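J.: Chains as they are written, first to last, in my numbering: chain A, 6 to 507; chain B, 6 to 507.
I am attaching a structure below and will ask some questions about it afterwards.
There are 2 protein chains.
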Amino acid sequence: MIKGKHLVAGKWVGGDSLFESSPATGPSHKFSVGNTELVNKAAEEAEEAFLSYGYSKPNERASFLNKIAEEIEKRGKEITEIGSQETGLPSQRLEGERARTVGQLILFAKHIQNGDYLDFRHDIALPDRNPPRPEIKLIQRPIGPIAVFGASNFPLAFSVAGGDTASALAAGCTVVVKGHSAHPGTSEIVAQAIDDSIKKCNIHPGTISVIQGGNRDVGQSLVQHPLIKAVGFTGSLTGGKALFDLCASREEPIPFFGELGSVNPMFILPKAISNRTKEIASGWVGSLTLGVGQFCTNPGIAIVLDDENAENFIKEVTTLISEIDPQIMLTDGISKAYRSGCDRMSSLNAIKCLENDNENSRKALPQLFVTNGENWLSQKELSEEVFGPSGLVVKVADFDEMELIAKKMLGQLTCTIHLDGEDQHKAKKLIPILERKAGRIIANGFPTGVEVCDSMVHGGPYPASTNFGATSVGTMSIRRFLRPVCYQNIPNSLLNHDLISN
Amino acid sequence: MIKGKHLVAGKWVGGDSLFESSPATGPSHKFSVGNTELVNKAAEEAEEAFLSYGYSKPNERASFLNKIAEEIEKRGKEITEIGSQETGLPSQRLEGERARTVGQLILFAKHIQNGDYLDFRHDIALPDRNPPRPEIKLIQRPIGPIAVFGASNFPLAFSVAGGDTASALAAGCTVVVKGHSAHPGTSEIVAQAIDDSIKKCNIHPGTISVIQGGNRDVGQSLVQHPLIKAVGFTGSLTGGKALFDLCASREEPIPFFGELGSVNPMFILPKAISNRTKEIASGWVGSLTLGVGQFCTNPGIAIVLDDENAENFIKEVTTLISEIDPQIMLTDGISKAYRSGCDRMSSLNAIKCLENDNENSRKALPQLFVTNGENWLSQKELSEEVFGPSGLVVKVADFDEMELIAKKMLGQLTCTIHLDGEDQHKAKKLIPILERKAGRIIANGFPTGVEVCDSMVHGGPYPASTNFGATSVGTMSIRRFLRPVCYQNIPNSLLNHDLISN
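Right, here's the structure in full:
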């Protein structure tokens, strides 16, 4: 079933240079390595396709999105099998992620049909005014071919037919996807679903191409291709920042929508920790270790007042964490980075609570570290993300120090407050600080589990994302791939259907 | 009346280093040169002010905006006098621009009171769903202190209290303005109006500071200050690109909203040029020479089919242009750049139609050049802006060549089509090309005269602007200074008034 090829404008293309997948379990497969030539071809075809797809009607694009959802569902068993082998994630997770992916496609199909996303505006002509006002109409238009990067940690929901692709296609943009080399087989099956959808809907085959990675050139040439008009990316700070710089230094700079990483701090206020020690501890451990901690919204830091409740909380968390078996991570590289991240914590005077050394393998044990506010404030590296199931408790001397830590936090995807009764006035002081740091503020909950809805913001100030004005989850994410155009005194006969129907 | 000082957080601050203004007419004045220390102070005060102003109610900000409008009107005579002296623009233009500036402030005051700009979204809790959905609310929040650069060519509407400042203040952001050294006196009088408005409305004095230029350090340190969260800029491609690069290379990159320049091509179709030779010629000459051609939307290039009608059109334009007296430009530097821009045209085989050499002075004569499509297509420099009243007619062999020129155009603020009757089907082919090139498409009109309204887009693909998703004119320009934040499961008692009233 696996061809090991790229889908470039409706054709399956291979080549001599191959890489082998490194599945957690099951057989490996050989895949053609992507290259600049394939990127160029895909970008040119995406531009050609835009000339029709960019002017398609919302209901045509909705049918296409729904068809992709249907074709993915058809391949559900196959996707779960290979996805689970490649990533080491349990079948149940792959099934849940598939439901989310299919749900996103269907949500965008609905979203564009009501037309609100067009943001239609109309100033009527005022011929008798001095000076006269011409008639002006405005709508949002798709921006052209988009580059989408598959993410290692969401083989479906942030990959070939994930949120970036779904929102770009919904907007009327065409897409060139770079598949992540951690799950090339999963990418290919989804590409097969897309291929069939394109044929069945009679859409221009250049509308989506999927190029496998295996070579740094693919990503670099993709973001630098003159026909590419924006980039959707979920991944590491280092990789994302390098691509952001390439986008900014192009002859024509383009927006790079990168979702890069976050430690998602939780501020646990005195009444809450005292009333609900066990509840918050078990909630945190659940969220921290979910999916082996490989979520962008993994809550890596808990800030608590240094008192008896903190000690009880740490004890409780330590016990819960010590009961968790080692779990396999997405790639060898990620598990290696996780181990060195944990070592870094120790080297920065954060005290390790468990004697559970991680072996030199792809399996990881959750870790817990404790430090005080002074140490955290004086060592910037303690605020950096450790990707994986590692938690850091920061014990602060008083609420002033907690506030100071909030102020010193870098940009985040989420910030959480746990509060009960009398904590209200403390929470009231924290919220104005935290809402400048993050795209999503949560009370008495945990940040993992990102709802795909109208009001979701999955983004935040740098380094959480490279565009604090954007979200990569939820219906508002379509705005990344639209630009406003206004039409002054243009006769109706020359306006496209989106302007006419309004 | 002129203090020659900076307004930094409610205090008028001077210094030893001075520069002298170079007015076109009337007396010069001495002004304190801006520096990094002043920028730092202003940015810190803007951050401090944001803690209150960023949480003010829309009607409080509306009163403030209306008060600034009132205080500017009060100083109308004084502003017109010094503005006209400094820029060489006629009094009538200064009065018109003041009306526009005041109108913008009042428009934004109205705009924020209806609340639509908040983009409120609400997904209700679904506790019985599996998994349960928490309640999520979203609004747009102001992003923090903004840097605004005064433009040379709009001493009021794109300067101290111009569109960037008005939209930023409306959003709830605080502002540090760098005044343009071409009109420091005008900037100061407007700063005086702001100073009085701050006092009368009891607003934090750090809400707006105005620092005079005279030194490159001011702009550079302003865009690099860690507390500055975005930049609004109107100016040259070279200057803007340098600041854009500084913004992208910051430790925390920030958006640079630069409106950089445009040649605003006009495509004149066969029926239109044949039916309305004189009307289009006189319209073009009017738009081209308005304000000595110193508008971002100045239509610098006309593309016509190479036939008898083109010759008649060129003859007509030449006659009209030859009747125009030399007019004074904004600065010595601008008139010098205009002369060398015209020389460049000649050196690129564009034929000069008038024997009216510009003298080596601040006064400029309009110029007209003619070239053919082949020459234009082979020399990229012919597509670059000449800031001033210089027009280029490109005669094309056929409509295919016209289409090709449209495709090869760089990003523009505006593109215009002149069409009559049978030109329809040609126009229909051009529009999909042109709407990818520009923020505004015009039929049978001229691009100068930018309406300040809901449906205006003043922006476009690079190099017209650095953010094709944004506009710097009209109510939509407020979006540049907002970012979405969502609130998950936050009790009402902790939400701010914008979330409660919705």
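Note that the Cβ used here is the ideal one computed from N, Cα and C, for glycine as well.
Everything numeric in this text was worked out from a predicted model, so none of it was measured.
Counting beta carbon pairs with one atom in the region 204-217 of chain A and one in the region 14-26 of chain A, are three or more of them shorter than 8 Å?
T.: yes
J.: In this structure, how does DSSP classify ASN467 of chain A when only helix, strand and coil are distinguished?
T.: As a first step, residue 467 of chain A must be located in the first sequence, where it is residue number 462. According to the sequence shown, residue 467 of chain A is Tyr rather than Asn. Here TYR467 of chain A sits in coil by DSSP.
J.: Give the residues from the region 132-146 of chain A that approach chain B closer than 8 Å (Cβ to any Cβ), ordered along the chain.
T.: PRO136, ARG138, PRO139, ILE141, LYS142, LEU143 and ARG146
J.: I'd like to check one pair, ILE306 of chain B with VAL375 of chain B: are the Cβ atoms closer than 8 Å?
T.: Taking the second sequence and counting its residues from 1, the one referred to as residue 375 of chain B is at position 370. Taking the second sequence and counting its residues from 1, the one referred to as residue 306 of chain B is at position 301. 8 Å or more divides the Cβ of VAL375 of chain B from the Cβ of ILE306 of chain B.
J.: Can you tell me where the alpha helix (DSSP H) with HIS502 of chain A in it begins and where it stops?
T.: Numbered from its first residue, the first sequence carries residue 502 of chain A at position 497. Here the alpha helix (DSSP H) through HIS502 of chain A covers 502-505.
J.: Is GLU193 of chain B close to chain A? Criterion is C-beta to C-beta, closer than 8 Å.
T.: Start at 1 with the first residue of the second sequence, and residue 193 of chain B comes out as number 188. So, not an interface residue.
J.: Could you tell me which uninterrupted alpha helix (DSSP H) segments, each at least 4 residues in length, are contained entirely in the region 400-483 of chain B, listed from first to last along the chain?
T.: 404-413 and 429-439
J.: Contact defined as beta carbons within less than 8 Å: I believe LYS246 of chain A pairs with SER460 of chain B. What is the distance between those atoms, to the nearest angstrom?
T.: In the first sequence, residue 246 of chain A corresponds to position 241, counting from 1. In the second sequence, residue 460 of chain B corresponds to position 455, counting from 1. Not quite, the Cβ-Cβ distance comes to about 37 Å (not below 8 Å), so this is no contact.
J.: Tell me which residues share the same chain as SER157 of chain A and place their Cβ nearer than 6 Å to its Cβ, disregarding the 5 neighbours each side in the sequence.
T.: As a first step, residue 157 of chain A must be located in the first sequence, where it is residue number 152. The answer, listed in chain order, is HIS185, ALA187 and LEU335.
J.: With a Cβ-Cβ cutoff of 8 Å, do GLY450 of chain B and ASN494 of chain A count as a contact?
T.: Here the question's residue 450 of chain B lines up with position 445 in the second sequence. Here the question's residue 494 of chain A lines up with position 489 in the first sequence. GLY450 of chain B is a Cβ neighbour of ASN494 of chain A, given a cutoff of 8 Å.
J.: Hey, does ASP128 of chain B have any beta-carbon neighbour from chain A nearer than 8 Å?
T.: The sequence position of residue 128 of chain B within the second sequence is 123, counting from 1. Among the CB atoms of chain A, one or more fall inside 8 Å of the CB of ASP128 of chain B.
J.: For the alpha helix (DSSP H) that PRO63 of chain B lies in, which residues bound it at each end?
T.: Indexing the second sequence from 1 puts residue 63 of chain B at position 58. 63-79 is the extent of the alpha helix (DSSP H) around PRO63 of chain B.
J.: Against GLY444 of chain A, what residues of chain B qualify as contacts under a CB-to-CB distance less than 9 Å, listed in chain order?
T.: Translated into the one-based positions of the first sequence, residue 444 of chain A becomes position 439. Annotation: Cβ neighbours of GLY444 of chain A in chain B (cutoff 9 Å, chain order): ARG488, PRO489, VAL490 and CYS491.
J.: Using a Cβ-Cβ cut-off of less than 7 Å, give me the residues of the region 423-435 of chain A that come near chain D, in sequence order.
T.: Among the chains of the structure shown, chain D does not appear; the protein chains present are A and B.
J.: Taking just the CA atoms, how far does TYR343 of chain B sit from LEU504 of chain A?
T.: On the first sequence, residue 504 of chain A is found 499 positions in, with the first residue counted as 1. On the second sequence, residue 343 of chain B is found 338 positions in, with the first residue counted as 1. Near 39 Å, if we compare the C-alpha coordinates of TYR343 of chain B and LEU504 of chain A.
J.: Which residue wins for smallest C-alpha separation from LEU499 of chain A, given the options B:PRO437, B:SER352 and B:ASP128?
T.: By one-based count along the first sequence, residue 499 of chain A stands at place 494. Comparing Cα positions, the closest option is B:PRO437.
J.: Is the region 419-429 of chain B touching the region 474-492 of chain B in the sense that three or more CB pairs, one from each, lie closer than 8 Å?
T.: Short answer: they don't touch.
J.: Going along chain B, which residues have a C-beta under 7 Å from GLU440 of chain A?
T.: Here residue 440 of chain A corresponds to residue number 435 of the first sequence, with the count starting at 1. What GLU440 of chain A touches in chain B: ARG146 and VAL490.
J.: Would you kindly report the start and end of the unbroken alpha helix (DSSP H) that includes CYS206 of chain B?
T.: Along the second sequence, read from residue 1 onward, the residue named residue 206 of chain B stands at position 201. Per DSSP, CYS206 of chain B belongs to the alpha helix (DSSP H) from 189-206.
J.: So which residues on chain A does PHE451 of chain B lean against when the C-beta distance must stay under 7 Å?
T.: Taking the first residue of the second sequence as position 1, residue 451 of chain B is located at position 446. Within 7 Å Cβ-Cβ: nothing; PHE451 of chain B doesn't reach chain A, min ~10 Å.
J.: Apply the 10 Å Cβ neighbour rule to ARG221 of chain B and answer buried if 16 or more other Cβ atoms are within range, or exposed otherwise.
T.: Residue numbering aside, residue 221 of chain B sits at position 216 when the second sequence is read from its first letter. The residue in question, ARG221 of chain B, is exposed, as its Cβ has fewer than 16 Cβ neighbours within 10 Å.
J.: Identify the residues that DSSP records as bridge partners of VAL215 of chain A: which are they?
T.: Against the first sequence, residue 215 of chain A aligns to sequence position 210. Answer is A:LEU12 and A:VAL182, bridged to VAL215 of chain A.
J.: Given that a residue counts as buried once 16 or more other Cβ atoms are within 10 Å of its Cβ, and exposed if not, what is LEU131 of chain A?
T.: Walking along the first sequence from the start, residue 131 of chain A turns up at place 126. That one is exposed.
J.: Please identify the residue among B:LYS413, B:VAL398, B:PHE392 and B:ILE356 whose C-alpha is closest to the C-alpha of SER383 of chain B.
T.: Against the second sequence, residue 383 of chain B aligns to sequence position 378. That would be B:LYS413, whose Cα lies nearest to the Cα of SER383 of chain B.
J.: Tell me TRP17 of chain B's beta-bridge partners as DSSP assigns them.
T.: The sequence position of residue 17 of chain B within the second sequence is 12, counting from 1. According to DSSP, which records beta bridges pairwise, TRP17 of chain B is partnered with B:LEU12.
J.: Considering only DSSP beta bridges, list what ALA104 of chain B is partnered with.
T.: Taking the second sequence and counting its residues from 1, one reaches residue 104 of chain B at position 99. DSSP lists no partner for ALA104 of chain B.
J.: Taking all protein chains shown into account, decide if GLY31 of chain B is buried (16 or more other Cβ within 10 angstroms of its Cβ) or exposed.
T.: Within the second sequence, numbered from 1, the residue matching residue 31 of chain B stands at position 26. Only exposed fits GLY31 of chain B, as fewer than 16 other CB atoms lie within 10 angstroms of its CB.
J.: Give me the chain B residues within the contact set of ASP459 of chain A, using Cβ-Cβ distance strictly less than 9 Å, ordered along the chain.
T.: Translated into the one-based positions of the first sequence, residue 459 of chain A becomes position 454. The answer, in chain order, is ARG126, HIS127, ASP128, ILE141 and LEU143.
J.: Using DSSP with H/G/I as helix, E/B as strand and the rest coil, what is SER395 of chain B?
T.: Locating residue 395 of chain B in the second sequence gives position 390, counting from the first residue. SER395 of chain B: strand per DSSP, three-state reduction.
J.: Cutting at 8 Å between CB atoms, please list the residues of its own chain near PRO160 of chain A, excluding the five before and the five after it.
T.: Translated into positions along the first sequence, residue 160 of chain A becomes position 155. Excluding positions up to five away in sequence, the list reads GLY88, GLU91, THR92, LEU94, LEU99, GLU102, HIS185, ALA187, HIS188, THR191 and SER192.
J.: Considering only residues of the same chain and omitting the five flanking positions on each side of VAL290 of chain A, which have a CB-CB separation below 7 Å?
T.: Here residue 290 of chain A is taken as the residue at index 285 of the first sequence, counted from 1. Taken in chain order, the residues that qualify are VAL322, LEU325 and ILE326.
J.: Nearest to ALA355 of chain B by CA position, among B:GLY396, B:SER470, B:LEU265 and B:ILE199, is which residue?
T.: Position 350 of the second sequence, counted from the first residue, corresponds to residue 355 of chain B. Comparing Cα-Cα distances from ALA355 of chain B to each of B:GLY396, B:SER470, B:LEU265 and B:ILE199, the minimum goes to B:GLY396.
J.: For ASN494 of chain A, which residues in chain B fall below 8 Å Cβ to Cβ?
T.: Walking along the first sequence from the start, residue 494 of chain A turns up at place 489. Within 8 Å Cβ-Cβ: ILE447, ALA448, ASN449 and GLY450.
J.: Chain A partners of MET521 of chain B, CB-CB under 8 Å?
T.: A query on residue 521 of chain B cannot be resolved here, the shown segment of chain B reaching from 6 to 507 and no further.
J.: How far does the beta strand (DSSP E) with PHE261 of chain A in it reach, from first residue to last?
T.: Within the first sequence, the letter at position 256 stands for residue 261 of chain A. It spans 261-264 - the beta strand (DSSP E) in which PHE261 of chain A sits, taken as one unbroken run.
J.: Kindly give me the distance between the Cβ atoms of LEU43 of chain B and ILE273 of chain B, rounded to whole angstroms, as I take these residues to be in contact under 8 Å.
T.: The residue given as residue 43 of chain B occupies position 38 in the second sequence. The residue given as residue 273 of chain B occupies position 268 in the second sequence. Not a contact, Cβ separation roughly 50 Å.
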